[in-house]
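Residue numbers (UniProt numbering): 1 to 261.
Don't be surprised by glycine CBs; every beta carbon is placed ideally from N, CA and C.
1. Rounded to a whole number of angstroms, what is the C-alpha to C-alpha distance between residue 235 and residue 77?
2. Taking the C-alpha atoms as reference points, what is the distance between residue 143 and residue 252?
3. For residue 54, is the classification buried or exposed, using 16 other Cβ atoms within 10 angstroms of its Cβ as the cut-off for buried?
4. What do you get for residue 75, buried or exposed, if any count of 16 or more other CB atoms within 10 angstroms of its CB means buried?
5. Give the range of the alpha helix (DSSP H) segment to which residue 196 is assigned.
6. Can you give me the C-alpha to C-alpha distance between residue 173 and residue 140, rounded to a whole angstrom?
7. CB-CB under 6 Å to residue 163, same chain, minus the five flanking residues each way: which ones, in chain order?
8. Using the three-state DSSP reduction, which class does residue 86 fall into: helix, strand or coil?
9. Taking contact to mean at least 3 C-beta pairs separated by less than 8 Å, is the region 220-227 in contact with the region 196-207?
10. Can you tell me which of the three DSSP states residue 133 falls into?
Right under this line is the structure:
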């Protein structure tokens with residue numbers, strides 16, 4: 001049974017009633033861990049037009065993060081198996097290789113579909129309601145674009161990969177320019193952006209130095225503003241700061257090990 005159906009007669013009524021029904025179904029789908037249905041509901045909610053509330057933006061992010069995240073994990077597993085076979089670390093039968101190839105191709109197809117879906121949604125329906133109006137939402141959507149182009153860069157090769165890297169970089173830069181101008185250094189959205197922007201440098205661009213610079217700058221700027229942080233934002237901000245700090249420690253150690261070798 002699908003929670004969201006555009007022809008569902010129970011959603012008849014005013015636009016506000018339809019939005020409330022879709023929002024409720026999105027929440028129920030999340031609680032039931034029916035993430036693909038959650039994506040369908042929140043996508044239709046976004047397509048009804050108008051600004052998304054903070055709660056709705058977070059549900060949008062959670063829906064696609066869960067669906068795309070499971071496929072990224074599967075893609076990494078089968079990619080690792082291919083790598084181990086190439087290094088002759090494991091013995092994989094011909095049928096096993098075919099199965100792994102089939103799953104990898106399926107995950108790539110699914111990832112391209114879902115990433116393309118959310119990118120279109122952002123460009124067509126969400127950014128137009130936020131640009132030059134609401135800084136937090138604008139940063140949020142540009143960051144999301146950067147994230148999903150980054151995911152596409154992970155699974156792409158050659159010119160296609162370079163195109164995804166360029167688009168991710170452009171999206172993160174737009175988000176960062178707006179965030180550093182209009183959001184406080186301790187704002188969770190700005191910190192989340194810094195976290196993912198630094199990961200992009202480290203994992204996609206293979207630039208450990210720039211990754212550490214971005215992470216350090218964000219951490220130090222936020223650290224100086226913690227005393228003035230409202231209590232209701234303190235937990236969210238400090239959790240992200242700890243993730244940034246953990247990455248700095250790991251990346252610095254890896255860079256030092258490379259230098260020794």
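Per the coordinate set shown:
1. 33 Å
2. 25 Å
3. exposed
4. buried
5. Looking at the DSSP string, the run of the alpha helix (DSSP H) that includes residue 196 is 188-199.
6. 12 Å
7. none
8. Any answer about residue 86 is weak, because its pLDDT of 49 lies below 50 and its placement is not dependable; what the coordinates show is given next. Residue 86 falls in the helix class under three-state DSSP.
9. no
10. coil
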